[in-house]
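A.B. asks: Residue numbers (the numbering used here), protein chains in the order written: chain S, 1 to 460; chain F, 461 to 891.
Each residue gets a CB set at the ideal place from its N, CA and C atoms; glycine is no exception.
Pasting a structure here, questions to come.
In structure tokens:
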């Protein structure tokens, strides 16, 4: 089996967790589960410690509760721009020395930005944890930026945009579709920013955003690996404890979507397109604190419809029963603050028109709404969910990521821990209920990626 | 009673812990390297068969690639769907991939399902069906990828570079195959490609996780025992045909993709470690490596640039790549050439050598982060003909590199006049 377009179903793991008010009140977890401890510093910094003593390594992640959906209008890309600028030095650490210090110690570091968060991480030998905590705490409040740094880095970001978005017609289609999907919510802007707005971002934009949002009361610190909660608490208090909170932190209440009354349709024609394809997204509910039942059912729905290249409903119908497609997939990621999307992608066989494959795909969905899921398929997915719980414990980076992302979008530790249980308890009726709800074309954006001058471009 | 003997070794990870690598020989004589770790109830298994797409028969380019994609598309009494359902019901994960020099199998399975998962994987490796409908369906997927590659600047650059560098040797063309050859491949070609590539005389195995040496011994015989003893002969060494220069391939896109390279240096060369350190200092993908500093950090000409010593079974190269906007790519290449020449004559400074060594030695143990990565690294070591204590001695070899070594090797390694650039895009000021 081949083919790797589009996001994949992400399996999440549950862990039995020792919840504790303070680091010292760690309960004993059942054997073979990673103990997780949480506490909050006086200045508001939330700290999560995930113990894994298999190897003497550690991951530090700091998650800021600010992302592209929190940017001032007209300044798209500033969250991501600042992420790059965070490596430019502080009063104590010279320009670009952050990575040099870390690399000289054999560590790796990087950062990433999404609509709901900006996160920074280091992966290093456990006995060097203190050093990376000191460095990360230092740049939370003491960043120094020169005009030169800002201008050069802006060029780097324009190159990044050229490489990741402008060079890839599929990325451009996704960007256009997202802008159409979110008519009012800032999820419609690209994380990297619109080119014309990135070109105008300034040092002042970056600094005012930094001063307001980069503060202990707007961040979650995750330390995973060969550490103890006591050790992390002492270091966190020493280095992050003295940092001043920001007074500019308010609940993240973004403009919400109005009722969406009409499907939007987009055809992007680009001479660099080799394989025309169909991409459909629907607005879908996200995981809510204390209520992730619908999101769990949507996750299972995506897996049933297009999670596996051989056994999924779309693959069977379009690639096995008939050979009208060469690839199909369905995906959903509900971990976010506001509305999510549910996506379907189909790459038709060479002699099949997009119009035809779209009708075929919709017929498969309609049929699924009538007949429902195969109970055996649901049972296989439950086994895979349980296995993912075990496999995922092999990767401390993935564990740190799960907690950091979940907490940063407002989920509780209980929500994060309860996710696999939520997935495992999804019934056929739950799947059908969310399927009925989500497959509403009024909430949908349908995208066609085509070659210029072809019949399909004309049809649309 | 299982005859398994152990050769216990300890990899010194930073600070204190140790990673014990055992050599296991099955009752049937198949060897594997193993790291036992019973913390999490699953096993990661990595298998590589040397040869890969370079074993395609004449006129059958793409056969090994298509065959590899078909391994999980029906086996024994199961058709494609039957096999996939059985695999998913066990929550076993199998990944099959073909490379220039090998066909790889990565698997992980829960301890509770180990026997059933191994039986299933055995059916795929030993009794694949290659049903005609599966051959036709997956062939269409390969053809779809070939069409995508025609419009993908990275793939265009890579195919052009390989053709210029290696001509008619299998390395000179993509293992994905040509449209003509793939379209004509038959079920018999799949059977022949399977027999040519999956055999005892070329298999390398490693496991990590919740399995004992005795259990692994049984597993090896069950899984691989019925494969044939020998496969097709390996190809000869590839002659390096490229000279210095620039090849521009017109492609309508705002940013140029650049692939560059020159002849490299063998893994067995006594100067390999100094060369490895030099490459890391100049072109490591890290922010502080020279090319990243000069081309990204100081000038903002690219999002990222990296170089690497590409040691294949039949050729050794020093390669690199980056992307830059069409109006900046000429400047980026000029800076790169100057850095190449500077490195050839001056090498690197004492401070750079020290920082590069601490990075390489400090980051090495971080690679062993989980059962999957460990089994994959252990197979790589075996294929590179490393001794089982390599993981323990590797950092000392890095530490031993002196500034004199660096100066001597820099002049030999970096060949400013031998560096060839393939540029895909519409670069300004280049032709």
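According to a CB-to-CB cut-off of less than 7 angstroms, which residues of the region 617 to 641 of chain F neighbour chain S?
C.D. replies: The region 617 to 641 of chain F vs chain S, Cβ under 7 angstroms: nothing.
A.B. asks: Can you list, in chain order, the residues of its chain with a C-beta nearer than 6 angstroms to that of residue 566 of chain F? Leave out the 5 residues immediately preceding and following it.
C.D. replies: 506, 555
A.B. asks: Report yes if the C-beta distance between residue 289 of chain S and residue 412 of chain S is below 8 angstroms; otherwise report no.
C.D. replies: yes
A.B. asks: Tell me, please, whether the CB atom of residue 832 of chain F is closer than 8 angstroms to any CB atom in chain S?
C.D. replies: So, interface residue.
A.B. asks: Quick one: measure Cβ to Cβ for residue 150 of chain S and residue 221 of chain S, integer angstroms, because I've assumed they're closer than 8 angstroms.
C.D. replies: Not quite, the Cβ-Cβ distance comes to about 27 angstroms (not below 8 angstroms), so this is no contact.
A.B. asks: Could you name the residues that DSSP lists as bridge partners for residue 39 of chain S?
C.D. replies: S:47
A.B. asks: When DSSP builds the beta bridges, which residues end up paired with residue 588 of chain F?
C.D. replies: F:535
A.B. asks: Consult DSSP for residue 848 of chain F and reduce its assignment to one of helix, strand or coil.
C.D. replies: coil
A.B. asks: Is the separation between the beta-carbon of residue 225 of chain S and that of residue 409 of chain S shorter than 8 angstroms?
C.D. replies: no
A.B. asks: Taking DSSP's pairing of strands, which residues face residue 778 of chain F in a bridge?
C.D. replies: F:722, F:769
A.B. asks: With a Cβ-Cβ cutoff of 8 angstroms, do residue 558 of chain F and residue 510 of chain F count as a contact?
C.D. replies: No, the Cβ-Cβ distance between residue 558 of chain F and residue 510 of chain F is not below 8 angstroms.
A.B. asks: Between which two residues does the alpha helix (DSSP H) containing residue 136 of chain S stretch?
C.D. replies: 129 to 141
A.B. asks: Going by DSSP, what residue range makes up the beta strand (DSSP E) through residue 558 of chain F?
C.D. replies: 553 to 558
A.B. asks: Which chain S residues sit within Cβ distance under 9 angstroms of residue 607 of chain F?
C.D. replies: 274, 275, 350
A.B. asks: To the nearest angstrom, report how far apart residue 769 of chain F and residue 452 of chain S are at their CA atoms.
C.D. replies: 40 angstroms
A.B. asks: Between the Cα of residue 508 of chain F and the Cα atoms of F:643, F:722, F:690, F:564, which residue gives the shortest distance?
C.D. replies: F:564
A.B. asks: How many angstroms separate the CA atom of residue 734 of chain F from the CA atom of residue 868 of chain F?
C.D. replies: 9 angstroms
A.B. asks: Using CA atoms only, rank isn't needed, just tell me which of F:629, F:641, F:732, F:650 is closest to residue 696 of chain F.
C.D. replies: F:629
A.B. asks: Of the residues F:841, F:863, F:817, which one's Cα is nearest the Cα of residue 828 of chain F?
C.D. replies: Its Cα nearest to that of residue 828 of chain F, the residue F:841 stands out among F:841, F:863, F:817.
A.B. asks: Who are the near neighbours of residue 782 of chain F in its chain, counting only those whose CB is closer than 6 angstroms to its CB and skipping five residues on each side?
C.D. replies: 718, 762, 765
A.B. asks: Compute the beta-carbon to beta-carbon distance between residue 616 of chain F and residue 883 of chain F, rounded to the nearest angstrom, for a pair I have assumed lies under 8 angstroms.
C.D. replies: Contact flag wrong, Cβ pair sits at about 10 angstroms.
A.B. asks: Short of 6 angstroms in beta carbon distance, which residues of its chain neighbour residue 516 of chain F, apart from the five on each side in sequence? Order them along the chain.
C.D. replies: 523, 524
A.B. asks: Quick one: residues in its chain with C-beta nearer than 7 angstroms to the C-beta of residue 13 of chain S, no 5 flanking neighbours on either side, listed in chain order?
C.D. replies: Only weak support exists for where residue 13 of chain S lies, its pLDDT of 25 falling under 50; the value from the coordinates is given anyway. Excluding residues within five positions, the ones whose Cβ falls inside 7 angstroms are 388, 389, 392, 393, 420.
A.B. asks: Does any C-beta atom of chain S lie closer than 8 angstroms to the C-beta of residue 715 of chain F?
C.D. replies: yes
A.B. asks: Which two residues bound the contiguous beta strand (DSSP E) that contains residue 340 of chain S?
C.D. replies: Residue 340 of chain S -> beta strand (DSSP E) spans 340 to 348.
A.B. asks: I want to verify the contact list: residues of chain S whose CB lies under 8 angstroms from the CB of residue 613 of chain F, in sequence order.
C.D. replies: 167
A.B. asks: What number of angstroms, rounded off, separates the C-alpha of residue 879 of chain F from the C-alpha of residue 860 of chain F?
C.D. replies: 29 angstroms
A.B. asks: Is residue 156 of chain S close to chain F? Criterion is C-beta to C-beta, closer than 8 angstroms.
C.D. replies: yes
A.B. asks: Beta carbon of residue 791 of chain F, beta carbon of residue 672 of chain F: below 8 angstroms?
C.D. replies: Cβ distance not < 8 angstroms, so residue 791 of chain F and residue 672 of chain F don't count as in contact.
A.B. asks: With 8 angstroms set as the bound, which would you pick, yes or no: does the beta-carbon of residue 672 of chain F sit closer than that to a beta-carbon of chain S?
C.D. replies: no
A.B. asks: Could you work out which residues of chain S lie near residue 500 of chain F, taking near to mean beta carbons separated by less than 9 angstroms?
C.D. replies: Think of a sphere of 9 angstroms around the beta carbon of residue 500 of chain F: the chain S residues whose beta carbon falls inside it are 32, 54, 390, 391, 393, 394, in chain order.
A.B. asks: On the CB-based measure, 16 or more other CB atoms within 10 Å of its CB, does residue 405 of chain S come out buried or exposed?
C.D. replies: buried
A.B. asks: Could you tell me whether the Cβ of residue 474 of chain F comes closer than 8 angstroms to any Cβ of chain S?
C.D. replies: The pLDDT assigned to residue 474 of chain F is 41, lower than 50, so where the model puts this residue is not dependable, and the model offers no usable value.
A.B. asks: Taking Cβ-Cβ distances shorter than 8 angstroms, what residues in chain S pair up with residue 497 of chain F?
C.D. replies: 54
A.B. asks: I'd like to check one pair, residue 338 of chain S with residue 256 of chain S: are the Cβ atoms closer than 8 angstroms?
C.D. replies: yes
A.B. asks: Over what stretch of residues does the beta strand (DSSP E) that includes residue 266 of chain S continue unbroken?
C.D. replies: That run of the beta strand (DSSP E) goes 264 to 269.
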